[in-house]
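Residue numbers (the working numbering): 31 to 373.
Beta carbons are placed, not taken as given, at the ideal position from N, Cα and C, and that holds for glycine.
Worksheet for the structure shown next.
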Amino acid sequence: MTASREVHVVAYPRGELRGDDFAVVEVEVPEARDGEVLVRNEWTSIDAALRLRLRERAPAGYFAAFPLHAALDGIATTGVVVESRADGFAPGDWVAHAAGWREYAVVEAGREALGGVGTLRRIDVEAASPQAYLGVLGGSGLTAYAGLVHVAGLREGDVVWVSAAAGSVGLIVAQLAKLRGHRVVASAGSPDKIAYLRDELGLDAVFDYHGGPLPELLAEAAPEGIDVYFDNVGGDHLAAALAALRPWGRVAMCGAISEYGADAPVPGPDNLFLAVAKNLTLRGFRGSSYVDRRDEMESVLAPWLRDGKLAYPETVVAGLEHAPDALARLLRGDTFGKTVVRI
Ligand SMILES: NC(=O)c1ccc[n+]([C@@H]2O[C@H](COP(=O)([O-])OP(=O)(O)OC[C@H]3O[C@@H](n4cnc5c(N)ncnc54)[C@H](OP(=O)(O)O)[C@@H]3O)[C@@H](O)[C@H]2O)c1
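Have a look at this one:
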């Protein structure tokens, strides 16, 4: 038995997350059995969509809600194998898996997690940092890459708008589109984030969505309109995109963070008919459904990362016990880049 600490949900939050919705619990981790490994977790992920699972029922068809008073399964995590009873894994190996927000985990090799994105696998920490496999070379990278290339079907000449562009997925989308030669419009929620997107990444037009009516801000940033909208926000952002999209434009519907904390259903955009009028395509997608594209994604993003062409800033929060607060910060826009916890 190994002593470990893990974060549990003790009450489903209403609106903003509060510290007393969570507890850090001491547990004994059982021995690994045949086909399992014991992992000392080092890094664990903070993702916007965790908010959708902090409720009695997660949206239909999505990852299940987190049960109360139990370890949180289905959160991307990296760590070091301490003991292995599974073929292909040895003590000292760095691995990625999905038994997150805890210090130690017994993980079954080959058992599908997070739609395949979180299934136990070895990672190469010589090629990239262990926490990169939670973000740019993990779910965020796959979601950004698959969403832009395979869902939106990025093609020559497209003008791209990406929202929540200073976050984990958004930063990759913005840079991928820029590196492929597109005009990129990006929005985010603070002057610091806007300065970074404009001055460090050299994006073509950037705006703070707090700066006035969204349709006007977008029209100013993209006077000719847009062809692709990579939607991380939903709500008013999606409505503004529908108005700005040119005929045959496409929306990669990645997320709707503006709605995640709502206690009641949120109405959809009131201008949806524009999808008909302009022959638009609106396609929802899950990065995990494109796990067969992970090698392709890595072959594109990893060299850029290594050569310094792809910037990937992180907000690092120290200490497992601060994971809930890190998620609360992410949801209110108080993190930058990929948010991770150093356990
Ligand atoms: N489909 C998939 O498989 C998949 C996979 C991963 C992520 N996602 C989605 O991708 C999006 C980004 O997720 P992430 O984990 O990478 O988080 P993130 O972008 O690192 O952080 C989310 C950011 O969203 C912004 N935001 C929060 N509330 C907002 C609002 N009301 N209006 C506009 N912006 C708001 C905040 O930044 P500001 O300061 O800019 O407001 C916040 O930092 C989420 O919608 C998530 O659900 C989807």
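Exercise. Taking 7 Å as the cut-off, does the CB of N301 come closer than this to any heavy atom belonging to ligand 1?
Worked result: no
Exercise. Straight-line CA distance for Y92 to D293?
Worked result: One C-alpha to the other measures close to 17 Å.
Problem set entry | Same chain only: Cβ atoms within 6 Å of T32, ignoring 5 sequence neighbours per side | V59, Y134
Exercise. Between N301 and the rest of its own chain, which residues show a CB-CB distance below 7 Å, the 5 nearest in sequence each way excluded?
Worked result: A269, L272, A273
Exercise. I think G165 touches S198, with their Cβ atoms under 8 Å apart; what is that distance to the nearest whole Å?
Worked result: 5 Å
For this session: Would you list the residues sitting across from A348 in a DSSP beta bridge?
Result: R372
Exercise. Between which two residues does the beta strand (DSSP E) containing E259 stretch?
Worked result: According to the sequence as given, residue 259 is Tyr; it is not Glu. Run containing Y259: 256-261, per the beta strand (DSSP E) assignment.
For this session: Using the DSSP secondary-structure output, state which residues sit across from R152 in a beta bridge.
Result: In DSSP, R152 forms a bridge with V125.
For this session: Report yes or no: do the region 169-180 and the region 121-136 share at least 3 C-beta pairs separated by less than 8 Å?
Result: no
Problem set entry | Nearest-angstrom Cα separation, counted from G65 out to V281 | 42 Å
Exercise. Quick one, are the C-beta atoms of D188 and D257 less than 8 Å apart?
Worked result: The Cβ atoms of D188 and D257 lie closer than 8 Å to each other.
Exercise. What are the residues that DSSP puts in a beta bridge with G107?
Worked result: In the sequence on display, residue 107 carries Thr and not Gly. T107 is bridged to T74, H127.
Exercise. In the structure shown, what three-state DSSP assignment does Y92 receive?
Worked result: DSSP, read as helix, strand or coil, puts Y92 in coil.
For this session: Would you please state the rounded distance, in angstroms, between the beta carbons of Y342 and K308? I believe it to be under 8 Å.
Result: No, Y342 and K308 are not in contact; Cβ-Cβ is about 34 Å, not under 8 Å.
For this session: Give me the Cα-Cα distance between E46 and D117, rounded to the nearest whole angstrom.
Result: 43 Å
For this session: Could you tell me which residues DSSP pairs with L275 in its beta bridges?
Result: L275 is bridged by DSSP to I256.
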